[in-house]
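Notes to accompany the following structure.
In this note's numbering, the protein residues as written are 963 to 1559.
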C-alpha cells in the first residue's frame, strides 16, 4: 500500500471512530505540504467540517490526534486553518528507500504477453524532401509517447506511414527529369533525401517563374497556377503513375530509394525507430476501394464531374473530397486504407496519431468517415495534436528551401555540445572516443529535452543556444548531475564501500533527505499521469525537479566524506536511487545519459 492510500485509510478510520460516519477514499483530498509549512502531506479538512459540526481547526486537531495515536507512519501534525499537515516518520522514508533501491525497474511496468495493443503513428514523412525541425518534434514526441505507454503496461507498436506518392512526389521527379542531368547521391555526394529535396525546391522556383509569365500575359493568378505547363505535366505524371506507367514507376522507385536511405541515417542519428512501416502506395488502393464501396452504399456521393464526396454538414462540418474527378485519391483516401490495414494486421485497442494541430480537422473527419463505413473502431481513434515548432527567426517553408534540415541541426547541436563541454572542462581526462560520445549524448539530449519539456499542445520556439546550458531546466544539467552521481558511486566502489545492503531505518536523516525520498517515490505516479495525458513534458519537468533537489542535497551534505559509516551508506544508496530514476525517466524521453563527463 502506498503512502497516500495509508493516509486515506487512517483518515477514513478517524472519521468513522470520531463521528460515526463512513466516508470513501475519493472524499479524502491529500496533497503535498507546501514548502513554507512543516509536514510532508496535507489532508484537506473542510469536507469533514459538517460531519464534525466543529470549526475546521478543531476538526483538524481531532483527526490529527486520532492519526497520531493509531498510526505509526505519522510522527507529528499541525493544523493551519482547514489544512491538516502530517509529518511522516523518518523510518518510513528509509524503509521506502530500501524497497525502491532494490527495484531496478522502479516506476515502470513490463507489458505482459496478453497486454492490450496501442499503435502509435509518428513521423509520416513525404518522399519529396528531407526531415526538418518540425519532423524532429514529431518523431521525438511519438517515440517518447510510445516508451511512456509501454512503461504503463501497454504493448506498443511504433508505426510510420510514408507518403510516397502524390502530386508533391511527382514535382520532385519531374524537376529531376528536366533539370537533373542524371545526378545521383553518389555523383553529387549528397544524402538521397537532400538531393530529392533540392529538386522539389527547383520545381517550385521554375513553377513560380511560369506563373509570373502567364500573369504578364493577362491571366489571373488562380488561372496561371492551374495552367502553368509544369503543374500540368506533374498532374499528367501522377496519372501515369496511377496507371502503372513503367518509366514513371521506375523513376519513382529509384528516387524513393534514395530518400529511404537518407531517412534511415537521420532516424538512426535521432535515436528513433519503428516496428512497422506502411506506404501510401500500398494503402491508397485499399482506401479507394472503401470509398467506392461507400459510394455504392450511399454513404458518399458522386458529383457530375465524377469526383466522390462525403457530406458532413449534419456533423457541423462541410463536404469533403475523397476521390478527384480523374479518379486519383487524396490523403483522406489513403488514411482510410491505412487504418483498415492496420486493424487487420493487429488487434489494436487504441490507435494514436501523432500529427500537428494543423490537421485537427482532418482527423475529426477521418474518425467520422470510418464510423460511417461501418468500422466499429472509427470513433475511438486518438489524434495526439501537438503545436508547431519554430526557430527564433520564424516559420520555415519546405518548397522555398527555408527549412532547418534535421541532419544539419543535429550536427550543429553535437558540435556546440563539444565546444561548450570543453570550455567548461567537462571533457578533461576523457579519451577522444569518450569526448565524441559525450558530445553526441549531450548535444542530442539538449535538443530532445528542450523540445519535450514543453507542453506538447503548445507552439514553441526552439533556441539551440538556450538548450545547451549546464544550468537550469535543460538536458545537459540533468545529464551532468547523473554523471556526477556515477562518479561518486565509482569512487565508493573503488574504496570497497558496500551500499547495496539494507539501510538501518533508525538513522536520523534530515528533512531534505526525507523530502528527496518522497520526491523519488512520486515517480510512478508521474509516469502514469504522463501516459494518461500523453505528455512527455510531465516526466521532463519531474526529472528537473528531482535533479534540482538532489544538487541542493549534494551541496549541503557530505557523502564520501561523511564519517558515520551507516549515514555514508544511506547517502550513497540515496544517490544511486536518484541516478536510476534519472536514467529511467530520461530513457522514457529517448535521451541517453553519460556515465562520465
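Note that the Cβ used here is the ideal one computed from N, Cα and C, for glycine as well.
Spatial distance of residue 1181 from residue 1205 (CA atoms): 32 Å
Rounded to the nearest angstrom, what separates residue 1106 and residue 1092 at their Cα positions? 22 Å
So, helix, strand or coil for residue 973, using DSSP? helix
In the DSSP assignment, the alpha helix (DSSP H) including residue 1225 goes from what residue to what residue? 1208–1232
Taking the beta carbon of residue 1542 as the centre, do at least 16 other beta carbons fall within 10 Å, making it buried, or is it exposed? buried
Judging by CA-CA distance, which residue of 1283, 1212, 1306 and 1236 is the nearest neighbour of residue 1248? Checking every option, the nearest Cα to that of residue 1248 belongs to 1306.
Option in 1139, 1055, 1316 and 982 with minimal Cα separation from residue 1080: 1316
Ignore the nearest five residues each way along the sequence and tell me which others in residue 968's own chain have a CB closer than 6 Å to its CB. 1035
With three or more C-beta pairs closer than 8 Å as the rule, is the segment 1059–1079 touching the segment 1116–1127? yes
On a CA-only basis, which of 1267, 1007 and 999 is nearest residue 1285? Give me that one, please. The option with the nearest alpha carbon to residue 1285 is 1267.
Using a 10 Å radius around the Cβ and a threshold of 16 neighbouring Cβ atoms, would you call residue 1007 buried or exposed? buried
Taking only the alpha-carbon atoms, compute the straight-line gap between residue 1382 and residue 1338 and give it to the nearest angstrom. 54 Å
With which residues is residue 992 paired in a DSSP beta bridge? 1005
Confirm, please, whether the CB-CB distance from residue 1089 to residue 1217 is below 9 Å. yes
Would you kindly work out how many angstroms separate the C-alpha atoms of residue 1163 and residue 1138, rounded to a whole number? 11 Å
What number of angstroms, rounded off, separates the C-alpha of residue 1497 from the C-alpha of residue 1185? 45 Å
Need the endpoints of the alpha helix (DSSP H) that residue 1185 sits in, please. 1183–1189
Reducing DSSP to helix, strand and coil, say where residue 1083 ends up. Judged by DSSP in its simplified three-state form, residue 1083 adopts strand.
Please look up how many angstroms separate the CB atoms of residue 1353 and residue 1551, rounded, as I've assumed it's under 8 Å. Not really, about 21 Å apart at Cβ, beyond 8 Å.
Give the list of continuous alpha helix (DSSP H) stretches no shorter than 4 residues that lie fully inside the segment 1450–1523. 1473–1483, 1485–1495 and 1498–1518
For a test of the three-state rule: what should DSSP assign to residue 1529, helix, strand or coil? helix
Residue environment, residue 1424, which counts as buried when at least 16 other CB atoms sit within 10 Å: buried
Could you name the residues of the same chain whose beta carbon sits closer than 6 Å to that of residue 1125, not counting the 5 residues immediately before and after it, in chain order? 1088 and 1242
In this structure, what does DSSP give as the bridge partners for residue 1283? 1271
Taking Cβ positions, are residue 1531 and residue 1465 nearer each other than 9 Å? With contacts defined as CB atoms closer than 9 Å, residue 1531 and residue 1465 qualify as a contacting pair.
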